[in-house]
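Following: one structure in structure tokens, then a few remarks.
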Amino acid sequence: MINHHEIVQFGKLYNRDMESAPAHTPLIHGLPDEVALICLARVPRRYHNILRRVSRRWRALLCSEEWHLCRKRNNLDEPWIYVICREAGIKCYVLAPDPPSRCFRIMHVIEPPCSGRKGVTIEALDKKLFLLGGCSSVYDATDEVYCYDASSNRWSSAAPMPTASSLCSAAFLSGAILCLHPL
0 MINHHEIVQF GKLYNRDMES APAHTPLIHG LPDEVALICL ARVPRRYHNI LRRVSRRWRA
60 LLCSEEWHLC RKRNNLDEPW IYVICREAGI KCYVLAPDPP SRCFRIMHVI EPPCSGRKGV
120 TIEALDKKLF LLGGCSSVYD ATDEVYCYDA SSNRWSSAAP MPTASSLCSA AFLSGAILCL
180 HPL
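Here the sequence shown is numbered in numbering that gives the first Met the number 0, starting from 0 and rising by one per residue.
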């Protein structure tokens, strides 16, 4: 049985912990975070760059796996098309369907870190785009791999290939990228 003295001690301990802990700021004032997440998830994807500018917390949310899963779970995923052009270096255009005009609209252009290379292999999986290997007129083939994450809108370096390669073929197999190097 809990007596009055234990309750008072717990109250003092709880208040002291709350004073030392940083204050939790809700995503949207007056709403529980679970409800705010569902409300924000309904905002069309073309406005996500604007949402990222509201606060650090919103930016972290929009880059999180929780955000991606919430949109997917509620059938709010919006298809975007990533078009890779290799004519004058590598450029990646992000296109969104515009149903009223029955065409696609350019949302933005992504400049990959290896845009000056030739023979780069491109592979896509879920919300990620991978650029593998490649070479240039100055440098030999490379083992570098770059990954673009659509939810965070950022490029990052990925684990390098075991062998430097240019003009290889690639596919996903059991969650890994399999590269077939030319002879």
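All C-beta atoms in this analysis are idealised placements derived from N, C-alpha and C, irrespective of residue type, glycine included.
Per DSSP, reduced to three states, the secondary structure at leucine 36 is helical. Here glutamate 65 is not near cysteine 113, since their CB atoms are 8 Å or more apart.
If only complete runs of 4 or more residues are kept, the region 71 to 101 shows no alpha helix (DSSP H) anywhere.
Taking C-beta atoms as the reference points, isoleucine 83 and phenylalanine 129 fail to come closer than 8 Å. As a beta-bridge residue in DSSP terms, serine 155 pairs with Cys146.
Nearest to alanine 123 by C-alpha distance, out of Ala163, Glu33 and Trp79, is Trp79. Under the DSSP assignment, isoleucine 27 falls outside any beta strand (DSSP E); it carries neither an H nor an E label. Close CB contacts of arginine 70 within its chain, under the 7 Å cut and outside five residues either way in sequence, are with Ala40 and Asp76 (chain order). Rounded to whole angstroms, the gap between the alpha carbons of cysteine 91 and arginine 104 is 14 Å. Selection Asp97, Ser151, Ala35 and Gly88 evaluated against asparagine 48 yields Ser151 as nearest (Cα-Cα). With a contact defined as Cβ atoms closer than 8 Å, alanine 140 and serine 156 miss out at about 17 Å. When rounded, the separation of the alpha-carbon atoms in glutamate 110 and threonine 24 is 35 Å.
In its chain, beyond the 5 residues on either side, Leu179 have a beta carbon closer than 6 Å to the beta carbon of serine 168. Cα atoms of glycine 115 and lysine 127: separation of roughly 21 Å, rounded to the nearest angstrom. Alanine 149 and proline 98 have their alpha carbons spaced roughly 22 Å apart. Annotation for leucine 50: the continuous alpha helix (DSSP H) segment containing it runs 47 to 51.
A direct Cα-Cα distance of roughly 12 Å separates threonine 120 from methionine 160.
Assignment of glutamate 110 by DSSP, reduced to helix, strand and coil, places it in the coil class. Spanning the alpha carbons of glycine 118 and glycine 174 requires a straight line of approximately 24 Å.
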